[in-house]
Each structure stands twice: as C-alpha cells, then as structure tokens.
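Residue numbers for the sequence shown follow the numbering used here, beginning at 70 and rising by one. Written out below as structure tokens is the structure these notes cover.
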Amino acid sequence: PGLFSTLHFLYSFGGILSPLVAAPFVMSSDNDASNTFISKNSNMTFTNITNLNEGIVNATNLTNGSQIEQKSQIYIPYTITTCLCVLTSLPFLAFSCTSFQKTLDGKKTNSEVKTARQSKGRLSLIGFINMVFYIAMYVAVENTFAGFLTTFLVKELNWSSYQGSYITSGHWAAFATGRFFGIFLVRCVKPANLIFASSLTVLLSMLGFMMTSMYNVMIGVWIFSLLLGIAVSVIFPAVIMWTELRFIRVTGKIASIFVMAAAVGFMVNPIFLGFLMDTFSPMWFCYILFGETVLMMFLNFTGVCISRIISSRQLNIQAEHELVILNEKQ
C-alpha cells in the first residue's frame, strides 16, 4: 500500500509545476490595451480612457480606430511539456526493447500464482462495477476542477489569469501534500474508512467552494480549493486497495478497467461542463461538480453496503463449515 501511494504522490509534482510554468505565458484579461485614433494631421493615443469630455478634446476627420492585439504565447509551455514527455518516454522504450524486461516478466514464483483467488460471486462483481463508476466520477471531479479552475475564476469572479494559475498550483501542492501523508496514512487507516472520510470532505469542500464563489469571498475560495486538493489525493489508491480486499483481485486486466473508467470521466466531463458554462453561466462549474460529489458519496455508500453483505455471507459459510466439521467428529 505504501509503495502504491508513493507512486501516486510522485504523479502530483507535475500538477504543481505545470501552472507555474504556464503563468508567464498566459494572456492577461485586464483591459489595459491602448486605443489609437488616426486623423489626417496626427495620431492620438488614449490609455485607459473611461470618460471623454467633448469640450476638452476635439478629433477632426476621424477615419479609423484600432485596438492593439495581444499575441498568445501559450504554445511555449505546451512545447516544453511535449519535450519532457518525449524525454521521459525514451527510457521506457529502451527498457522494453532489452531482454531485461523479459527476464523480469519471467520471474513469477508459484506462490504468486497460488495467491490468485476466484471471484466471490455475483455480489463481488456488482461491487467491482460500483467502484468502477466511483473511479470514473472521482477522476471527473478531480481533473475537471483543476482544469477549469482558472477559467471559472477569470470569467465568473473576474480574477486575473495569474491569480488563477497560482491558485491552481496551490491546489496541486495541497494534492501532493495529501498524497505524501497518504503514504503513511494507508498503513494505519482502513481503506473503507479512508474513502468515506475523503468522499465526505470532498462533498463539504465543494459545497464551501460553491458558496464562497457566489459571494466572491477570495479567502474562502483559496481555503476550499486547497482543502479539496487534500481530500481527493488519497482516493484512487484507497479504492484500488479496497477493491482488492473486498471484491476482486486487482490483476492487470482489472487495473486496465479502472484506468479506462478514469479516462471516460476525464474525457466526457470537460465537454459537458464546457458546454453548460458557455451556454448558461460559469457557475455551472460549481453546480455540476457538486452534483458529482453527491453521486460519489452515494456510490461509496452503495459499496459499503455490498461489502457488508459479502462479509456477512462469508461468516455464515464459515460457520456452516465449522458446524459440519463438528458433526463429522461426533
């Protein structure tokens, strides 16, 4: 469990660095551009003019008006990211092309094969499917919140792009901090309790974020953004461990199903949310994510109920087996 949490902790570093790298290259939303008016005799430039007194300024033969255009440089951080992805993928390519990978794949002991256990029945399958939907909803909330946070703050709360980038980086820093402490937390807290506490905290954090956004309380937006980052940090590894303990053995195929579910949540949610934000209001960012956190809580409750039913049936089977043994001895 600790090694699995460590792997996910390392993932969060990219989330911290990415907004900081992109911040110097984003376009400012402030209306600080200059308006230039061209006449026959001269050029007159007015900067940040809000009220124009006709009795003081006269412009004759006004022929053209233009606004200085800002050129986006957002391609620069994307280029940097592309180069880093290529560089980090080269060792994996070299590793897979050598015979060392085949040697590692061949070192499977008989004890590892014997630990594979069968599915515990139809309820276990239902519980596994329930957690697949939970993972899809969790990833939808986690990635959409971080991805749309700056856009929401700029459009709805009129923050600058720099402020949005910094709060996004702070959210990822809280996310990384939570995953770091999760390395040690999973050793002393049961996965079921960890998932429930995290889901409840995510729900309350999203509710607080929505309320503070409605009244434009900056400190509240900061607090709940950071708290949400901490709350979602340990959910994914905890779900994998709980599925392994209660429902089904997490093999490569099972892990692939979880990854596919996460990808579906990551792909569908931004499209749906972006349409609602553009068509109606940016506040739909809060409404949709809050509704999804409620659904997460419901799926968690369903998983707990299924897990308890499975445990009770196992106890009954064990009791019946012990009773049969006692009868045979008599």
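Ideal Cβ placement from N, Cα and C applies to all residues, glycine included. Everything numeric in this text was worked out from a predicted model, so none of it was measured.
In this structure, DSSP gives Gly251 a helical state, which the three-state scheme calls helix. DSSP places Lys224 in the helix class (H, G or I) of the three-state scheme. The segment 236 to 244 makes no contact with the segment 340 to 349; the number of CB pairs closer than 8 angstroms stays below 3. In the same chain as Phe316, and ignoring 5 residues on each side of it, the C-beta atoms closer than 6 angstroms to its own belong to Ser193, Gly196, Phe197, in chain order.
Annotated three-state conformation of Tyr356 is helix, per DSSP.
With respect to the C-alpha of Ser234, the residue from Arg318, Phe344, Phe327, Pro146 having the closest C-alpha is Pro146. Taking 8 angstroms as the cut-off, the beta carbon of Thr312 is found closer than this to the beta carbon of Val319. According to the DSSP assignment, Phe265 belongs to the alpha helix (DSSP H) that extends over 260 to 283. At the C-beta level, Asn285 and Leu226 come within 8 angstroms of one another. Per DSSP, the unbroken alpha helix (DSSP H) holding Arg315 starts and ends at 304 to 315. Counting C-beta atoms within 10 angstroms of its own C-beta, Val255 has 16 or more neighbours from the protein chains shown and is therefore classed as buried. Closest option to Ile357, judged by alpha-carbon separation, among Ala209, Ala324, Phe327, Ile375: Ala209.
When Met329, Phe202, Val308, Phe278 are compared, the shortest CA-CA separation from Leu297 is found for Phe278. Of Ile292, Thr150, Val201, Trp353, the smallest CA-CA separation from Thr270 is found for Ile292. If the five residues before and after Phe217 are omitted, its C-beta is found closer than 6 angstroms to the C-beta atoms of Phe354, all from its own chain and listed in chain order. For Phe253, the closest alpha carbon among the candidates Gly334, Phe344, Pro306 is that of Pro306.
Residue state for Cys154 is assigned as helix, using DSSP reduced to three classes. Here DSSP, grouped into helix, strand and coil, assigns Gly196 to helix. If you ignore the 5 residues before and after Met275, its C-beta comes within less than 7 angstroms of the C-beta of Leu297, Leu358, Phe359, Thr362, all in its own chain and listed in chain order. Here Cys257 carries a coil assignment [DSSP, helix/strand/coil]. Residue environment for Gly321: exposed (fewer than 16 other C-beta atoms within 10 angstroms of its C-beta). Annotation for Thr219: Ser230, Gly233, Ser234, Thr237 place their beta carbon closer than 7 angstroms to its own, counting only its chain and skipping 5 residues before and after. For Val333, the enclosing alpha helix (DSSP H) stretches over residues 321 to 348. The C-alpha of Ile323 is placed about 12 angstroms away from the C-alpha of Val308. Taking the Cβ atoms as the reference, Val333 lies roughly 6 angstroms from Ala205, within the contact range of under 8 angstroms.
Bounds of the alpha helix (DSSP H) holding Val290 are 287 to 300. Shown here, Arg318 sits in coil according to DSSP, grouped into three states, outside any helix or strand.
When the alpha-carbon of Ala245 is set against those of Ala163, Phe202, Val303, Tyr203, the nearest one is in Val303. Listed in chain order, the non-local C-beta contacts of Phe214 below 7 angstroms within the same chain comprise Leu297, Leu358, local neighbours out to five positions each way being set aside. Contact annotation, Met365 with Ser268: C-beta distance approximately 5 angstroms; criterion of less than 8 angstroms satisfied. The closest CA to that of Tyr203, considering only Phe370, Ile288, Ile340, Ile379, is found on Phe370. CA-CA distance, Val337 to Ser282, rounds to 24 angstroms.
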